[in-house]
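At position 157 of the sequence shown the residue is numbered 185 (my numbering), and the sequence of numbers has no breaks.
So the structure is just underneath, and the comments pick up after that.
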Amino acid sequence: MYEFPLALVFAGVPLPGRENPYIILVSPNPLVYIDVDIDEAEVSSASVRGLQLGWRYELAVKSFVDTLSARLEQPLKVVVEVESPLSYPPAASVYAATSLAVVKAVAEAAGYELDQREVLESASSVDEEAGVLLDYLDGLREALTTGRSLVYRRGEEPLGLSTGARLELELVGEEDIGEEAKEVLEDPIGSAVTRLSGLAVVEAAKRLREGDTDVFRLVQRVDNAVFYLLYGAETPRAECKWTPSLQRVYGVCRPGAGVGDPVEFVL
């Protein structure tokens with residue numbers, strides 16, 4: 029059984045064809061438990077038991093296992109069992125943890141010892157080969173592996189927040205979104221949206237490092253607006269904001285909203 033904290037994209041919006049920064053928070057204690065059973069097989073397969081997170085998560089796991097099997101030139105039968113005390117943790121975070129667990133389990137089954145960096149790089153390269161092109165997944169895996177909340181931008185060195193402060197959020201669940209509005213991403217509007225989203229993340233990170241943990245309103249206004257502009261995600265209730273998940277949006281709220289599981293994150 030592999031134990032992981034919960035990692036959450038707190039600020040930042042995926043922008044197709046562009047790479048922007050994200051603030052990724054991590055819980056101080058394990059909240060996701062994953063067991064992986066691996067056998068050689070004639071045809072690769074993957075199944076998920078326990079916590080059910082929907083077909084997008086299951087398809088991502090299957091694509092990961094199929095790609096890993098092809099790379100190893102050995103079909104694998106992989107059974108993943110997921111447990112969590114949370115009612116509905118973010119599917120993106122659980123997928124990031126699952127990919128790490130599968131890589132570790134395969135290496136152990138083959139008698140190899142991989143260090144943390146090798147596990148991260150292996151999971152990332154399999155994702156890229158599988159066509160899972162979500163630029164924040166490597167950031168989630170980095171946070172899960174190191175236990176650090178961080179500012180992450182793909183292709184750059186992650187920066188730890190390292191404030192020691194705590195931030196509580198309520199985790200609500202996921203909603204569907206539409207396809208991205210491609211005309212919005214064309215310049216000059218696309219560049220303006222990219223800059224707005226990125227500046228909000230940078231400013232929020234600056235305030236957090238200065239000890240100001242009350243940045244929810246800032247990232248809420250900007251992220252909700254960009255999610256609506258690009259994906260048509262309707263504005264959630266006043267105390268809540270959207271964060272990214274697997275081709276969906278995931279809702280988080282201020283503490284006391286009374287609409288989801290309260291989780292504490294360490295900054």
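We treat Cβ as the ideally placed atom computed from N, Cα and C, and that holds for glycine.
All values reported here derive from a predicted model rather than from experimental measurement.
Exercise for review: Please say whether residue 59 and residue 97 have beta carbons closer to each other than 9 angstroms?
Suggested key: Not closer than 9 angstroms, so no.
Practice item. Check whether the Cβ atoms of residue 42 and residue 163 sit closer than 9 angstroms, and answer yes or no. Key: Here residue 42 is near residue 163, since their CB atoms are less than 9 angstroms apart.
Review point. Alpha carbon to alpha carbon, what distance is there between residue 197 and residue 286?
Key: Distance between the alpha carbons of residue 286 and residue 197 is about 11 angstroms.
Exercise for review: Report yes or no: do three or more beta-carbon pairs, one from the segment 188-196 and one from the segment 236-247, lie closer than 8 angstroms?
Suggested key: With contact defined as three or more Cβ pairs closer than 8 angstroms, the segment 188-196 and the segment 236-247 are in contact.
**Study point:** Three-state secondary structure assigned by DSSP to residue 217
**Key:** Collapsing the DSSP output to three states places residue 217 in a helix.
Review point. Would you call the segment 215-233 and the segment 140-150 in contact, with 3 or more CB pairs under 8 angstroms?
Key: With a cut-off of 8 angstroms, the segment 140-150 and the segment 215-233 do not count as touching, because too few Cβ pairs lie within range.
Check your understanding: Thinking just about the alpha-carbon of each residue, which of 221, 201, 122 is nearest to the one in residue 61?
Key -> Comparing alpha-carbon positions, the option among 221, 201, 122 lying closest to residue 61 turns out to be 122.
Check your understanding: Going straight from the alpha carbon of residue 32 to that of residue 165, what length do you get?
Key -> Going by the C-alpha atoms only, they are around 15 angstroms apart.
Point to revise | Exposure of residue 80, with buried meaning 16 or more beta-carbon neighbours within 10 Å | key: With fewer than 16 neighbouring CB atoms inside 10 Å of its own CB, residue 80 falls in the exposed class.
Review point. To which residues of the same chain is residue 152 closer than 6 angstroms at the C-beta, ignoring the five residues directly before and after it?
Key: Contacts found: 166.
Exercise for review: Classify residue 132 as helix, strand or coil using the three-state DSSP reduction.
Suggested key: Residue 132: helix per DSSP, three-state reduction.
Practice item. Give the range of the beta strand (DSSP E) segment to which residue 269 is assigned. Key: For residue 269, the enclosing beta strand (DSSP E) begins and ends at 268-272.
Practice item. Report yes if the C-beta distance between residue 46 and residue 213 is below 9 angstroms; otherwise report no. Key: The answer is yes: Cβ separation under 9 angstroms.
**Study point:** Reduced DSSP secondary structure (H/G/I, E/B, other) of residue 73
**Key:** DSSP places residue 73 in strand when its eight states are reduced to three.
Check your understanding: What three-state label does DSSP hand residue 289 in the structure shown?
Key -> Three-state DSSP puts residue 289 in a strand.
**Study point:** Closest by C-alpha distance to residue 73, when choosing among 57, 173, 209, 103
**Key:** Distance from the Cα of residue 73 is smallest, within the candidate group 57, 173, 209, 103, for 103.
Point to revise | Boundaries of the alpha helix (DSSP H) in which residue 157 is found, first to last residue | key: Annotation: the continuous alpha helix (DSSP H) that includes residue 157 extends over 144-158.
Exercise for review: Determine the direct distance from the alpha carbon of residue 155 to that of residue 99, and round the result to whole angstroms.
Suggested key: In this structure, the alpha-carbon of residue 99 lies about 12 angstroms from that of residue 155.
Exercise for review: Look at the alpha carbon of residue 168 and the alpha carbon of residue 50, and state the distance between them as a whole number of angstroms.
Suggested key: Approximately 10 angstroms between the Cα atoms of the pair.
Practice item. Could you tell me which residues DSSP pairs with residue 194 in its beta bridges? Key: Residue 194 pairs with 294.
Practice item. Would you mind stating whether residue 207 and residue 278 have Cβ atoms separated by less than 9 angstroms? Key: No; because the gap between Cβ atoms is not below 9 angstroms, this pair is not in contact.
Review point. In terms of DSSP beta bridges, what is residue 256 paired with?
Key: Beta-bridge analysis with DSSP links residue 256 to no other residue.
**Study point:** Inter-residue spacing [alpha-carbon to alpha-carbon] between residue 159 and residue 55
**Key:** Residue 159 and residue 55: Cα-Cα distance of roughly 28 angstroms.
Review point. Around the C-beta of residue 183, are 16 or more other C-beta atoms found within 10 angstroms, so that it is buried, or is it exposed?
Key: Its Cβ having fewer than 16 others within 10 Å, residue 183 is exposed.
Exercise for review: Identify whether residue 84 lies in helix, strand or coil by the three-state DSSP scheme.
Suggested key: Three-state result, residue 84: helix.
Review point. Any C-beta of chain D sitting closer than 9 angstroms to the C-beta of residue 210?
Key: No chain D is present in this structure, which holds just one protein chain.
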